[in-house]
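Under my numbering, residue 332 is the last one in the first sequence; the count climbs by one each step, no gaps.
Notes follow once the structure below has been shown.
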Amino acid sequence: MTLDSGQVFHWEKHGDGFVGTIGDRPFYVEQRDGKLFFLGGKGGLIANYFALDHPLAEICASFPQDAIMNAAREFCCGLRIIRQPRWECLATFICSSMKQVAHIRQISRALRHRYGERHQLADIELHSFSAAERIARTSEAELRACALGYRAKNLLATARLVASGEADLESWSALPDDELRPRLCALPGVGAKVANCVMLFAYERLRAFPVDVWIERILKEKYFTRKPRVTAQHLRDFSATYFGEHGGYAQQYLFHHARKTSSRRRGAAARPRWRRPRRFVSASDVRYDSRL
DNA sequence: CTCCAGGGATGAT
DNA sequence: ATCATCCATGGA
């Protein structure tokens, strides 16, 4: 559920699990019987990436108690906000504007296969995400060949700022939210929404509350029912306070629940419901399995 | 076929 | 501050 929730776009289904890279290390991961089995690299890296130390029960308890939030909380049981590498997260969300999740995955794949490093894991071939330095050396025309469209110019310009060190994404982790956000928004192709996504998914700012078309629809239809003319300012103030200290988590639960249960998706209602695990997977549940 | 998607930059009120 | 328009592409 975590890897299919629209926060990260490069993990691909393989057998009963997923293959992908954490930084520059290839992994296969598979959740089975309340444990997380893996192949490749070290378990500690996985536990950190999947944020298995986040106190999920406490976080979910901090969400507001209302009908919409309760439904999302139950539907998304076990979903975590993971710790993504900064550049990888920033680059993919620059590419995300006016794109469906399925196509963002396609763009991520095109960039990785063209500019990422190739890895071998057992008989599986996979590519890590393209370094900023590598993308900075390409051209806008070449990026457009990856189906980036008008986003190519922004990705290239931001890659060059990051590669040159002018935008030092790692050192920015020490900044408070109200200084980090304007730094991100100053990058080409980064506005309020993408900045909040990067803060939430790559800087562990769990209050950051990205408002995309789905969340805006939920806020207006469910929380501001029959109140036309809600200003963007009002929506910002509301989402910044109402959902509490882990507002970003709440936002991800609302997003994933809405996307997976939307009546527009054929057969969504007939889909078998997620079963609540006996307890959340934690860092002590990570198992290496060479047979995988 | 049509509709719309995890938006941002720019310029006009 | 709020709004209109343009920007490319392909999934549903």
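Glycine residues also receive a C-beta, built at the ideal position from the N, C-alpha and C atoms.
Asked                                                                             : Found
Residues near R200 in its chain [Cβ-Cβ closer than 7 Å; skip 5 each side]         : A176
Rounded distance between the beta-carbons of V321 and G74, thought under 8 Å      : 6 Å
For V48, the three-state DSSP class (helix, strand or coil)                       : coil
Endpoints, alpha helix (DSSP H) assigned at K75                                   : Taken as a continuous stretch (DSSP letters only), K75 belongs to no alpha helix (DSSP H), being part of the beta strand (DSSP E) at K75 to L79.
Within 8 Å, strictly: CB atoms of P250 and K262                                   : no
Beta-carbon proximity list for V141, same chain, < 6 Å, skipping 5 on both sides  : G46
Between the CA atoms of C116 and Y293 - distance to the nearest angstrom          : 6 Å
Rounded straight-line distance, which links the Cα of A192 to that of L183        : 6 Å
Contact between the segment 261-279 and the segment 80-91 (3+ Cβ pairs under 8 Å) : no
I122 and T42 closer than 8 Å at C-beta                                            : yes
C-beta contact flag for L166 and G60 at 8 Å                                       : yes
Length of the line joining the Cα atoms of E206 and G83                           : 34 Å
Collapsed DSSP secondary structure at H297 in the structure displayed             : helix
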